[in-house]
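Asker: In UniProt numbering, the protein residues as written are 1 to 95. Below you will find the structure I want to go over with you.
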């Protein structure tokens, strides 16, 4: 269990495999995850910017924030996503 809430205009970077399941809230600013496994297993409510490098993002992504695919790897979106902030592929492949 547990959750993550990102507040403020700054940048927070997550690395490694995280196992929290209470969800992620991005209220403002930028959350960077080198790998989708860094984001736990709960839903993601994004009102800022979410940058993800690679992996399979199984989490449901919602909110008005944007998604940016970073890094040279492959990122697969497999959740039931409803986010409306747009998608940018700055590098790599988005599936």
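Even glycine gets a Cβ: it sits at the ideal position worked out from N, Cα and C.
Which partner residues of residue 26 appear in the DSSP bridge assignment?
Answerer: 6, 46
Asker: Between the alpha carbons of residue 67 and residue 94, how many angstroms are there, rounded?
Answerer: Straight-line measurement puts the Cα of residue 94 at about 11 Å from the Cα of residue 67.
Asker: By the DSSP assignment, the beta strand (DSSP E) with residue 39 in it spans what residues?
Answerer: Counting along the chain, residue 39 falls outside any beta strand (DSSP E), and DSSP gives it neither H nor E.
Asker: Measuring only the C-alpha atoms, how far is residue 39 from residue 74?
Answerer: 16 Å
Asker: Under the DSSP definition of a beta bridge, which residues are partnered with residue 62?
Answerer: 45
Asker: Considering only their Cβ atoms, is the gap separating residue 43 from residue 55 smaller than 9 Å?
Answerer: no
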